[in-house]
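Undergrad: So the sequence shown is residues 2 to 114, counted in the working numbering.
Don't be surprised by glycine CBs; every beta carbon is placed ideally from N, CA and C.
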Amino acid sequence: MLNDCVVAWKSFDQDTTADSTINAEYIVVSEAAKETVWMKNYIQELGVVPSIAEPVVIFCDNNRAIAQAKEERSHHRSKNILRRYHLLREMVGKGDVRMDRVSSIENTVDLLT
């Protein structure tokens, strides 16, 4: 969302089978973050929205997926996730993305699943 307006949305089938809800959420958040950061950088290059310099906020209703995104290194819980999805950790670490908790009831994204 930008200025309380939806800018883009996407629905896709995961090409990887997730072996847990946490991993499924992490994969989806990673894909959303990549798309959103790209869009933010594009809008920033155009110079039409001055406040776009703030980090992208990604809302997630899974505490463990949020913790996994903030974890700087891999551990046994994330060993089954393909490496390409761990770009999310780098984006969080660099400050391009901020992960915030949202309750499942208030999570409007779940309406589309």
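What residue does the beta strand (DSSP E) around Val8 start on, and which one ends it?
TA: Counted from its first residue, the sequence shown places residue 8 at position 7. Careful: Val8 lies outside any beta strand (DSSP E) and carries neither H nor E.
Undergrad: Let me check one thing: in DSSP terms, what residues is Val58 bridge-paired to?
TA: Within the sequence shown, numbered from 1, the residue matching residue 58 stands at position 57. DSSP output for Val58 lists Arg99 as bridge partner(s).
Undergrad: Could you give the C-beta distance for Val30 and Asp62, rounded to a whole number, given that I count them as a contact under 8 Å?
TA: The sequence position of residue 30 within the sequence shown is 29, counting from 1. The sequence position of residue 62 within the sequence shown is 61, counting from 1. That pair is no contact at about 11 Å.
Undergrad: Does any residue of chain D bring its CB to less than 8 Å from the CB of Val57?
TA: Of the protein chains in the structure, only one exists, and it is not chain D.
Undergrad: Put Gly94 into one of helix, strand or coil per three-state DSSP.
TA: On the sequence shown, position 93 is the one that residue 94 refers to. DSSP places Gly94 in helix when its eight states are reduced to three.
Undergrad: If you drop the 5 nearest sequence neighbours on each side, which residues of the same chain put their C-beta closer than 7 Å to that of Ala70?
TA: To locate residue 70, count along the sequence shown from 1; it is residue 69. Taken in chain order, the residues that qualify are Tyr27, Val30, Leu89, Arg90, Val93 and Met100.
Undergrad: Is the separation between the beta-carbon of Pro51 and that of Gly96 shorter than 8 Å?
TA: Stepping through the sequence shown from its first residue, residue 51 is reached at position 50. Stepping through the sequence shown from its first residue, residue 96 is reached at position 95. No, Cβ-Cβ distance for Pro51 and Gly96 is not below 8 Å.
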